[in-house]
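Chains as they are written, first to last, in this note's numbering: chain A, 11 to 336; chain B, 72 to 314. The C-beta atom is built at its ideal place from N, Cα and C for all residues, glycine as well.
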């Protein structure tokens with residue numbers, strides 16, 4: 011496929027926003043059970059939610075650049091029964107709304123306990139909103155990934171690893187962001203977020219590595235013989251039917267060399283995993299929000315390369331029909 | 072249940088592109104607006120077509136065959152492009168099985184084209200909506216046209232009658248008979264899309280000659296040439312003439 015930057019920005023930005031929200035809520039739940047020092051609800055949870063919301067909104071804006079008719083985008087909520095894209099279109103604003111309410115609850119101090127858990131842990135409105143947000147967050151990860159994973163003839167995508175990768179990569183990116191944010195807003199918790207950021211980054215490396223290994227072993231199921239229905243091992247296209255380009259020649263092939271693709275692959279394997287881990291460790295040791303912010307930026311660049319490679323690697327069977335001009 | 076479809080006979084297609092040009096002519100002139108066609112006479116021409124004729128070479132020299140291969144939307148019975156559409160702009164008509172795009176609902180997200188393994192959907196670069204073969208739905212039901220012209224433009228244009236059109240669910244239709252009797256097949260059956268359009272394979276006309284047909288069975292001594300003329304009194308070969 012030919013990677014579209016609108017979709018690369020959409021998936022990486024909302025991934026970071028989702029991960030940051032999950033990090034905030036994880037922190038709150040840990041604090042509820044006294045496993046972490048409680049943080050200030052305004053300067054940490056409300057501002058953190060605002061940052062997460064900004065990432066989600068930026069992703070949403072990026073997605074509009076993918077559309078030929080953005081003014082009709084509201085129609086895309088219609089087919090949620092069959093289309094994962096439609097489901098994403100519903101879940102993303104629902105999740106954004108919940109993150110907004112979660113942040114607003116913290117800002118406005120909706121902290122009077124509604125009821126108590128056994129053991130006397132008070133449950134307030136923000137905790138319930140956060141739980142709903144967590145469900146929607148995972149729902150959004152699944153919707154986003156299933157848009158690609160459900161296309162069965164794009165075999166590089168048609169695997170449960172796609173869903174796992176989206177969850178772990180987005181989670182890692184968000185937790186690194188949470189580490190940088192907490193270093194500035196709640197230094198006592200930054201070690202906690204940094205630890206989970208490292209775990210998620212290593213987990214993401216494992217699952218992404220697994221999908222890379224899987225994809226190198228794929229054998230194409232469609233060949234020219236099945237594409238035109240002539241049973242012969244040697245079929246060569248002599249003409250695709252037109253001399254210039256078309257939508258089919260532009261949309262489905264990245265137009266780069268194999269070496270370039272390999273470069274991007276090793277680029278993201280370095281930039282998204284080991285480098286941010288090292289910078290993260292250095293930033294935590296120094297307690298510097300700036301260095302930790304650098305870790306997030308480096309990893310974000312790596313994730314953009316990862317997403318570019320994710321799209322470019324998928325070999326669409328329609329390319330069988332467009333191999334020779336004449 | 073009706074499933075309208077094309078059956079394309081690769082045995083007689085000569086690759087003349089008459090179906091391509093007639094398709095473009097009809098569909099660029101309709102109520103849905105023109106099909107984009109940019110820089111048609113310049114260095115980098117591009118445009119939106121519903122139908123393409125491609126050419127493949129099968130085998131290695133000197134034992135090769137040239138296969139001209141017209142390709143348009145196959146109007147799958149299990150169209151993978153339809154369920155993925157987020158707006159419902161892509162749909163399959165229940166009454167005749169044609170897969171269509173509602174250009175007023177399409178948001179141009181291109182997801183349906185990703186979901187089509189055949190690459191038959193093309194985004195119109197000017198209207199920014201996805202377009203594809205409509206099986207000339209604005210022709211085949213037009214009662215102002217004489218009945219024999221109520222067929223897709225490509226079918227009418229084909230000079231070798233390589234394109235048949237009809238209902239593949241009706242076992243007595245011309246297309247069903249052609250599929251049944253001439254080994255009609257579907258493209259990329261491995262994805263379970265059940266394309267309605269079928270292709271008829273290249274068929275070589277082969278004369279089978281057995282060894283005993285090369286050797287006269289009634290000449291066991293292998294003596295060729297004129298037989299000796301029998302005398303007038305002797306019995307002739309056919310017992311009628313002696314000369």
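| What's the call for residue 175 of chain A, buried or exposed, on a 16-neighbour Cβ count within 10 Å? | Working through the first chain from its first residue, we reach residue 175 of chain A at position 165. The residue is buried, with at least 16 neighbouring Cβ atoms inside 10 Å.
| message | At 4 residues or longer, what runs of the alpha helix (DSSP H) sit wholly inside the segment 94 to 166 of chain A? | response | As summarised for the segment 94 to 166 of chain A, the continuous alpha helix (DSSP H) elements at least 4 residues long and confined to that stretch are 94 to 118, 135 to 159, given in chain order.
| query | In the segment 167 to 193 of chain B, which residues sit with their C-beta less than 9 Å from some C-beta in chain A, listed in chain order? | reply | Here the close residues are 175, 176, 177, 178, 179, 180, 181, 182, 184, 185, 186, 187, 188, 189, 190, 191, 192, 193.
| What are the boundary residues of the beta strand (DSSP E) that residue 76 of chain B is part of? | Here the question's residue 76 of chain B lines up with position 5 in the second chain. Where residue 76 of chain B is concerned, the enclosing beta strand (DSSP E) stretches over 75 to 80.
| query | Of the residues A:73, A:138, A:30, A:202, which one's Cα is nearest the Cα of residue 48 of chain A? | reply | Position 38 of the first chain, counting from 1, holds the residue named residue 48 of chain A. Checking every option, the nearest Cα to that of residue 48 of chain A belongs to A:202.
| Where the alpha helix (DSSP H) containing residue 316 of chain A begins and where it ends | As a working mapping, residue 316 of chain A is identified with position 306 in the first chain. First-last of the alpha helix (DSSP H) with residue 316 of chain A: 299 to 323.
| Would the beta-carbon of residue 79 of chain B fall within 9 Å of that of residue 206 of chain B? | As a first step, residue 79 of chain B is located in the second chain; it is residue number 8 there, counting from the start. As a first step, residue 206 of chain B is located in the second chain; it is residue number 135 there, counting from the start. Their beta carbons are not under 9 Å apart, which means residue 79 of chain B does not touch residue 206 of chain B by this criterion.
| Could one say the Cβ of residue 140 of chain B lies closer than 9 Å to chain A's Cβ atoms, at least one of them? | Taking the first residue of the second chain as 1, we reach residue 140 of chain B at position 69. At a cut-off of 9 Å between C-beta atoms, residue 140 of chain B counts as an interface residue with respect to chain A.
| request: Could you check what DSSP says for residue 268 of chain A in three-state terms: helix, strand or coil? | output: Your numbering for residue 268 of chain A matches position 258 in the first chain. DSSP places residue 268 of chain A in helix when its eight states are reduced to three.
| request: Within 10 angstroms of the Cβ of residue 203 of chain B, are there 16 or more other Cβ atoms? Answer buried if so, exposed if not. | output: For the purposes of this step, residue 203 of chain B is taken as residue 132 along the second chain, with counting starting at 1. The residue is buried, with at least 16 neighbouring Cβ atoms inside 10 Å.
| query | If contact means a Cβ-Cβ distance below 8 Å, which residues of the segment 116 to 134 of chain B contact chain A? | reply | Those residues of the segment 116 to 134 of chain B that come within reach of chain A (Cβ to Cβ, closer than 8 Å) are 116, 117, 118, 119, 120, 123, 124, 125, 126, 127, 128, 129, 130, 131.
| message | Looking at chain B, is there any beta carbon in it that lies within less than 9 Å of the beta carbon of residue 105 of chain A? | response | Numbered from its first residue, the first chain carries residue 105 of chain A at position 95. Taking Cβ atoms only, chain B never reaches closer than 9 Å to residue 105 of chain A, which makes this a no.
| request: Could you tell me if residue 268 of chain B is buried or exposed, where buried requires 16 or more neighbouring beta carbons within 10 angstroms of its beta carbon? | output: Mapped onto the second chain, residue 268 of chain B falls at position 197. It counts as buried.
| request: List the endpoints of the continuous beta strand (DSSP E) containing residue 138 of chain B. | output: As a first step, residue 138 of chain B must be located in the second chain, where it is residue number 67. First-last of the beta strand (DSSP E) with residue 138 of chain B: 136 to 143.
| request: Note the first and the last residue of the continuous alpha helix (DSSP H) segment covering residue 215 of chain A. | output: One-based indexing of the first chain puts residue 215 of chain A at position 205. It spans 200 to 226 - the alpha helix (DSSP H) in which residue 215 of chain A sits, taken as one unbroken run.
| task | Compare the beta carbon distance of residue 233 of chain B and residue 91 of chain B with 9 Å and say whether it is the shorter of the two. | result | For the purposes of this step, residue 233 of chain B is identified with residue 162 of the second chain, where counting begins at 1. For the purposes of this step, residue 91 of chain B is identified with residue 20 of the second chain, where counting begins at 1. Their beta carbons are not under 9 Å apart, which means residue 233 of chain B does not touch residue 91 of chain B by this criterion.
| request: State the Cα-Cα distance for the pair residue 68 of chain A and residue 19 of chain A, rounded to the nearest angstrom. | output: Locating residue 68 of chain A in the first chain gives position 58, counting from the first residue. Locating residue 19 of chain A in the first chain gives position 9, counting from the first residue. Those two C-alpha atoms are separated by around 8 Å.
| message | Could you give the first and the last residue of the continuous beta strand (DSSP E) run that contains residue 127 of chain B? | response | Numbered from 1 along the second chain, position 56 holds the residue referred to as residue 127 of chain B. It spans 122 to 129 - the beta strand (DSSP E) in which residue 127 of chain B sits, taken as one unbroken run.
| field | Residue-chain proximity (residue 164 of chain A, chain B), Cβ-Cβ < 9 Å | value | Residue numbering aside, residue 164 of chain A sits at position 154 when the first chain is read from its first letter. Interface flag for residue 164 of chain A against chain B is set, since a Cβ pair is found closer than 9 Å.
| request: Return the residue from the list B:138, B:139, B:143, B:173 that minimises the CA-CA distance to residue 153 of chain B. | output: Counting from one through the second chain, the residue named residue 153 of chain B turns up at place 82. It is B:173 whose Cα lies nearest to the Cα of residue 153 of chain B.
| field | Interface residues of chain A facing residue 94 of chain B [CB-CB closer than 8 Å] | value | The count along the second chain starts at 1 and reaches residue 94 of chain B at position 23. Residues of chain A passing the Cβ test: none, with the nearest at roughly 12 Å.
| request: Answer yes if the segment 220 to 230 of chain A comes into contact with the segment 160 to 173 of chain A, meaning at least three C-beta pairs across the two stretches below 8 Å, and no otherwise. | output: Touching, per the Cβ criterion.
| request: At 7 Å on the CB atoms, spell out the chain A contacts of residue 156 of chain B, in chain order. | output: Residue mapping note: residue 156 of chain B aligns to position 85 of the second chain, counting from 1. Within 7 Å Cβ-Cβ: 89, 93.
| said: I'd like the list of long-range same chain contacts for residue 308 of chain A, defined as Cβ closer than 7 Å, with 5 residues on each side in sequence excluded. | reply: Residue 308 of chain A sits at position 298 when you count from the first residue of the first chain. Cβ within range, chain order: 281, 285, 286, 289.
| said: Less than 8 Å between C-beta atoms, sequence neighbours within five positions excluded: which residues of the same chain meet that for residue 248 of chain A? | reply: For this step, residue 248 of chain A is matched to residue 238 along the first chain. Here residue 248 of chain A has 334, 336 as same chain residues with Cβ atoms under 8 Å from its own Cβ, once five neighbours each way along the sequence are excluded.
| If you drop the 5 nearest sequence neighbours on each side, which residues of the same chain put their C-beta closer than 6 Å to that of residue 95 of chain A? | Stepping through the first chain from its first residue, residue 95 of chain A is reached at position 85. Within the same chain, residue 95 of chain A has close Cβ partners 157.
| task | Please confirm if residue 83 of chain A has its CB atom under 9 Å from at least one CB of chain B. | result | Counting from one through the first chain, the residue named residue 83 of chain A turns up at place 73. Chain B places a beta carbon closer than 9 Å to that of residue 83 of chain A, counting this residue as a contact.
| message | I'd like to check one pair, residue 93 of chain A with residue 262 of chain B: are the Cβ atoms closer than 9 Å? | response | As a first step, residue 262 of chain B must be located in the second chain, where it is residue number 191. As a first step, residue 93 of chain A must be located in the first chain, where it is residue number 83. Cβ distance not < 9 Å, so residue 262 of chain B and residue 93 of chain A don't count as in contact.
| request: Output yes or no for whether 9 Å exceeds the beta carbon distance between residue 188 of chain A and residue 170 of chain A. | output: Taking the first chain and counting its residues from 1, one reaches residue 188 of chain A at position 178. Taking the first chain and counting its residues from 1, one reaches residue 170 of chain A at position 160. In this structure, residue 170 of chain A does not lie closer than 9 Å to residue 188 of chain A by Cβ.
| query | Quick one: Cα of residue 140 of chain B to Cα of residue 77 of chain A, how far? | reply | Start at 1 with the first residue of the second chain, and residue 140 of chain B comes out as number 69. Start at 1 with the first residue of the first chain, and residue 77 of chain A comes out as number 67. C-alpha of residue 140 of chain B to C-alpha of residue 77 of chain A: approximately 32 Å in a straight line.
| message | If you measure between the beta carbons of residue 257 of chain A and residue 11 of chain A, is that distance less than 9 Å? | response | Locating residue 257 of chain A in the first chain gives position 247, where the first residue counts as 1. Locating residue 11 of chain A in the first chain gives position 1, where the first residue counts as 1. No; because the gap between Cβ atoms is not below 9 Å, this pair is not in contact.
| field | Unbroken beta strand (DSSP E) run spanning residue 234 of chain B, endpoints | value | Taking the first residue of the second chain as 1, we reach residue 234 of chain B at position 163. Where residue 234 of chain B is concerned, the enclosing beta strand (DSSP E) stretches over 234 to 238.
| request: For the beta strand (DSSP E) holding residue 249 of chain A, just list the boundary residues, first then last. | output: Taking the first residue of the first chain as 1, we reach residue 249 of chain A at position 239. Residue 249 of chain A: member of the beta strand (DSSP E) spanning 245 to 249, first to last residue.
| task | Compare the C-beta of residue 244 of chain A against all C-beta atoms of chain B and say whether one is closer than 9 Å. | result | Residue mapping note: residue 244 of chain A aligns to position 234 of the first chain, counting from 1. So yes, residue 244 of chain A belongs to the interface.
| request: Apply the 10 Å Cβ neighbour rule to residue 281 of chain B and answer buried if 16 or more other Cβ atoms are within range, or exposed otherwise. | output: Mapped onto the second chain, residue 281 of chain B falls at position 210. Residue 281 of chain B is classed as exposed because its beta carbon has fewer than 16 other beta carbons within 10 Å across all chains shown.
| Pairwise C-alpha distance: residue 159 of chain B and residue 34 of chain A | Along the first chain, read from residue 1 onward, the residue named residue 34 of chain A stands at position 24. Along the second chain, read from residue 1 onward, the residue named residue 159 of chain B stands at position 88. Those two C-alpha atoms are separated by around 37 Å.
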